[in-house]
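S.K.: To convert a position in the sequence shown, counted from 1, into my numbering, add 1.
Using N, Cα and C, we set each Cβ at its ideal position, and we do this for glycine too.
Supplied in structure tokens, the structure appears directly below.
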Amino acid sequence: MSNHEPDEVLQSLLDGALRQLPLRRAPASLEARVFNELERRAALPWWRRSFMHWPAPARIAFLVICTALVALVFVGGPAAVASLRSLLESGTISLSWARQIALLVASAGNLVTLLARTLPVTWLYQGIAVCALLYAVLFGLGAAVYRTLYLQPLNGK
């Protein structure tokens, strides 16, 4: 006799009892909403349905276009970057504002790197722990507010 036999007997008894119960009919309002939604979805044009409901030629054309775009990115991307680099080096195009933004981002990256090297590791771990604690508090407060505002029991209504 295994440990699972009482569970299996109970499961079969419960299954038999539940199968003997009469089926319950859905509320009329729910049934009407479900049928209305099914009719609305059936009336949608093919391009607004899921991909598997598209006609075969449209699916094939979509896949061919996507494949061509991916190939264009992989083949044409490096060529476009090379031509842009040559235009920048020749002085034909001036992107002084882009250089300023790049310098600003590089400076910020250098500052973050410097701070990461000088701060003690325990401060980093404590900062991560504080962030995790604040996240947990925020999650708990959000759950409490949701429970208070939206999950109030119907008091005799």
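Along the chain, where does the alpha helix (DSSP H) that runs through glycine 92 open and close?
M.R.: Your numbering for residue 92 matches position 91 in the sequence shown. Glycine 92 -> no alpha helix (DSSP H), and no H or E assigned at all.
S.K.: Alpha carbon to alpha carbon, how far is leucine 134 from leucine 150? Give it in angstroms, no decimals.
M.R.: For the purposes of this step, residue 150 is taken as residue 149 along the sequence shown, with counting starting at 1. For the purposes of this step, residue 134 is taken as residue 133 along the sequence shown, with counting starting at 1. Their backbone Cα atoms lie some 24 Å apart in a straight line.
S.K.: Would you verify that the beta carbon of arginine 25 is, or is not, closer than 8 Å to some beta carbon of chain C?
M.R.: Absence of chain C from the displayed structure is noted, only one protein chain being present.
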